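First comes the structure, then the notes that go with it.
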Amino acid sequence: MTNLIIGLGVVLILIILYLIFRVSNLVSLAKTRTTTTDERVDSSNRANGALFLIFTIVALVSFFWYSFAHFDDYNLPVASEHGAWTDTLFWITMGVTVVAFTIISVVMAVFVYKFQHQKGRKARFYPDNHYLELAWTIIPAIVLTVLIFTGLRAWNEITAPASEEAEVIEVIAQQFAWTARYPGNNDNKLGAYNYKLIDAVNEFGLDLTDKNSFDDFKSLELHVPKGKEVLLKIRSKDVLHSLYIPHFRVKMDAVPGMPTQFKFVATKTTEQMRDELNNPNFNYELACAEVCGQAHFSMRMVVVVDEPAAYERWKQGQEAWLKQNPDYLKKVPAALREAAMISAGFEKELVGGVAGN
Amino acid sequence: MATTDIHVQQGVHHDDHEHHEHHGNFWTTYIFSEDHKVIGKQFLLTGMFWAVIGGLLSIIFRLQLGFPNANLEWLRPLLGGWITDQGKLDPEFYLALVTMHGTIMVFFVLTAGLSGTFANFLIPLQIGARDMASGFMNMLSYWFFFLASVVMFVSLFISTGPASGGWTVYPPLSALPQAMSGSGLGMTLWLVSMALFIVSTLLGGINYIVTIVNLRTHGMSFTRMPLTIWAILFTAIVGLLSFPVLFAAALLLIFDRSFGTSFFLSDIYIAGQALPNSGGSPVLFQHLFWFLGHPEVYIVILPALGITSEIIATNSRKPIFGYKAMIGSMLFIAILSFVVWAHHMFVTGMNPFLGSIFMLLTLIIAVPSAVKIFNYVTTLWQGNLRFTPGMLFSIGMVSFFLTGGITGIFLGNSAIDIQLHDTYFVVAHFHLVMGSAAFFGMLAGIYHWFPKMFGRMMNAKLGYIHFWITFIGVYLVFFPMHYIGVAGFPRRYYSWTNFQTFDGFFDLNMLVSIAAICTFSAQFLFLFNFFYSMFRGPKAPSNPWNSNTLEWTTPRVPGHGNWPGEIPSVYRWPYDYSKPGAKDDFIPQTVPFSETPESNLPHENDLIKLESTGTQGAVVVEKKD
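One line per chain: the protein sequences are C and X, in this order.
Numbering that gives the first Met the number 0 puts the first residue of the first sequence at 0, with every later residue one more than the last.
Numbering that gives the first Met the number 0 puts the first residue of the second sequence at 0, with every later residue one more than the last.
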């Protein structure tokens, strides 16, 4: 019943609008019949010119007001070294473009308002001016060159190879979760993997014939040390994903068949950020930024930044993947099995027992 | 600068046209017509149909984003099973909506609807030709587009849903039906439709280029062509060079999907199974896609730039400022558009060195774009502006081109792009600079040339209302997205509530959705105005805007062959508005200099003696400063 009433109401409104339109149409027809083209440029012209000016002023005022009043709402705190740099570039570019944008917008609005049609006035025949055109080719070119070179320096630095001492961590993407693999507490090297070895348990596709893989451990949270260079090795098992840590200004696609990487230095621990934001529940988060299917929007991983000492403690407390899944020992070549058990941290007495089999 | 044009005898058969009109039946006149004007209108109506569909899809997903807790049960009659039992939008269908919105708007509305309409309608009328070089190919071009439309439309209704991996259809997501249900039949139909669409674009493009180069009327040298034609010429060339690459990408994707090849697939473990594919590269697809995808942006925006240049000059009653600089910057943009594609791929894992090269080239493209903006603004300076609806939409387009273009300087900078890539900042950027700007160019063109298309005037007042709601609405929709993007919100998210980081901006998102609904509704004012005026609008004079270009020298409704009698000759450039000394504020291109001694510039007086020979095949040497 209510639907019917709403429907009728809508129809009624449409009919009324149509009638208004018809009447105003007839009135304007009667008017235009007696006027020339020149006079047809009527009061609506003044209204439109004024509206442009009003619109520009209101829009610019709201733009500046919102940008300053709500700065904290949209400004994402930064917690990485290169992030601070790219943020600076962002705000420099913002400064340059906002100045240009404001000037051009205002000039355009003023021109639109000021030079609206007046009866008897003739526009100025002004087809070109080479100096003017040259000026506004060269000036943007110079400004852009400056922006390009500052940007290039940052980009080259950010994408340069990581140092030897960098903490290497692998992040693996799949529909719809992230997992991290750490190089372990003994050899500190990531073991080899092969996607064909992936199964329900061996989700990394860990190649257990490689001795570096024995002590690798898995984590569902990404722990990184503060103040130390971290190199994320990124890969995907199925479709494209994109590793995105907003607070670190880190983003890199995860591509199946083509491992990628991104290096950064975190500058604030989770605790420090909690204090700074006055939010005891704050966590850094890792999101997916490349559409990857139904649950793309829920591919989340918590990122924890620790003080270096706390980070080492956390690492020591982790169990090797092989130790958690001793069934997989049989995939280790017999000759390496003992080394595997030692590396993975099996209890001493067990080591002898299994190796003897 | 001196240009030499040699005009050779243009086909003798033209003179026949004054003796007979084609009297076809309904089918040959309106459906399988080879007349460029009818084909242009067919493109326009199909484009408008798609614009409504594409807009509607965006309203549905904006409902989800603006009102995440709303019960959408009332949409069940429309969407059926895509509304879950809890009355929510299905997350996978959300992605399908986003994908189809993008595909439809970019290709079907702003490529076919914009280029197809105005290239077909304006080229012969503005260069003084009876019709396109090949009417039959032109007809084929529309019907291939129509077929593509049918296939794409059908894909909206299949049970596994339409393609849903984003309009860029990156594999492996789009290649593996296991990855999402939209990658099954929906994706197949998407690829078939796009293949047909590309055929349509190529057939059209070849025709546009050939017509512009070969069929210009006597005196219509390249430097006397209206900017619309220049823009369409560049658009057609860019399309001709880039669409085949998309065709190749689509073909290889079809092979990967259906015939077990591994062009784009490698090392994949999905749905509990390791796939045998190896050696392919998903990044290769992105290179191929964006080799079209970026020029495509200019395919969309260049015609809009051409149309608005023409309309702004006409309604400012001033010559366009820097005619040659406008052509030069369009040429430069067209060339550069081929060497900037990888700026969409800074963080895809491609070699960072490539990133620096593409950043350099990308930011260079801002220079010709800036020149265009400055030239537009200078054209307004000391003009005598008449705000016809076409003029309003043109100024609106310049405004969007500025607002949206300027954020390109952020995104083209690879270091800054790391953070902004795939966030709402990008969404705001391209919706303003190419989406809304091109859309406004299209609307401006429709309002401006409607009198020539249908012989009647559209209602101006409704046009003003339509403009102001749409102009303010578009800004309210896309401007807030900059803030949401700077805050890091990723695009193509069904909801952000899983993340603390993205917990906020409910107010802005709601504002955006409400503005989107209002803007979309306002388009029905336009549709009403359009169809009502087509039949009931006041009859238009043959040159309602006092414009200089050739199309306004045709009868009120140009018939087959466009001009009764001989095709007019052209004696001057199209922008002699408010020339000092002239009695009117416009001098059409068909008026010889010999008739306007009071307003001729010195070098133009020299051209008079060339006019008097008046023979076809004359050599016209034009010297300007």
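Just so you know, even glycine gets a beta-carbon here, dropped at the ideal spot from N, CA and C.
In this text, all values refer to a predicted model and were calculated from it rather than measured experimentally.
CB contact below 9 Å: residue i versus chain X
i        : result
C/Arg312 : no
C/Ser66  : yes
C/Gly6   : no
C/Pro279 : no
C/Met251 : yes
C/Thr1   : no
C/Thr341 : At residue 341 of chain C the sequence reads Ile, which differs from the Thr that was named. Closer than 9 Å: no.
C/Arg120 : yes
C/Ile103 : yes
C/Ala404 : Not covered by the structure: residue 404 of chain C. The range shown for chain C is 0 to 356.
C/Val106 : yes
C/Gly316 : no
C/His246 : yes
Strand pairing of residue i, partner residues [DSSP]
i        : result
C/Lys262 : C/Leu230
C/Gln115 : X/Leu384
C/Trp177 : C/Ala172
C/Arg273 : Bridge partners of C/Arg273: none, in fact.
X/Tyr576 : X/Phe585
X/Leu94  : DSSP output for X/Leu94 lists no bridge partner at all.
X/Gln626 : In this structure chain X extends from 0 to 624, so residue 626 of chain X is not present and cannot be described.
C/Ser218 : C/Ala179
C/Glu166 : C/Val229
X/Thr27  : Looking at the DSSP assignment, X/Thr27 forms no beta bridge with any residue, so it has no partner.
C/Leu205 : C/Tyr192
DSSP three-state assignment for residue i, whether helix, strand or coil
i        : result
X/Ser598 : coil
X/Gln85  : coil
X/His559 : coil
X/Cys517 : helix
X/Phe145 : helix
X/Ser220 : coil
X/Leu44  : helix
X/Met179 : coil
C/Asp161 : It is worth fixing the name first, because residue 161 of chain C is Ala in this sequence and not Asp. Coil at C/Ala161, not helix or strand.
C/His69  : coil
C/Glu284 : strand
C/Val105 : helix
C/Ile244 : strand
C/Met251 : strand
X/Ser32  : coil
C/Met0   : coil
C/Met93  : helix
X/Pro479 : helix
X/Val619 : Because the pLDDT of X/Val619 is 49, which lies under 50, any placement of that residue in the model is unreliable, and the question is left without a value.
Interface flag, residue i vs chain C, CB-CB below 9 Å
i        : result
X/Gly278 : yes
X/Phe373 : yes
X/Asp266 : yes
X/Leu172 : yes
X/Trp495 : yes
X/Asp255 : no
Proximity below 9 Å, CB of residue i to CB of residue j
i        : j        : result
C/Phe114 : X/Leu384 : yes
C/Lys314 : C/Ala161 : no
X/Ile298 : X/Ser241 : yes
X/Ile267 : C/Tyr192 : no
X/His217 : X/Gly127 : yes
C/Glu166 : C/Leu230 : yes
Rounded Cβ spacing between residue i and residue j (contact assumed at less than 8 Å)
i        : j        : result
X/Gly165 : X/Val212 : X/Gly165 to X/Val212, Cβ: 38 Å. No contact.
X/Leu248 : X/Phe284 : It should be pointed out that residue 248 of chain X corresponds to Ala in this sequence rather than to Leu. Going by Cβ atoms, the distance from X/Ala248 to X/Phe284 rounds to 6 Å, so yes, they are a contact pair.
X/Ile607 : X/Phe592 : 5 Å
X/Ile269 : X/Leu175 : 6 Å
X/Tyr446 : X/Gly389 : 4 Å
X/Ser265 : X/Ser277 : 5 Å
X/Gly181 : X/Thr167 : Actually they are not in contact, since the Cβ atoms of X/Gly181 and X/Thr167 sit about 14 Å apart, beyond 8 Å.
X/Pro294 : X/Val237 : 5 Å
Neighbouring residues, chain B, relative to residue i (Cβ below 7 Å)
i        : result
C/Tyr243 : Among the protein chains in the structure shown, which are C and X, there is no chain B.
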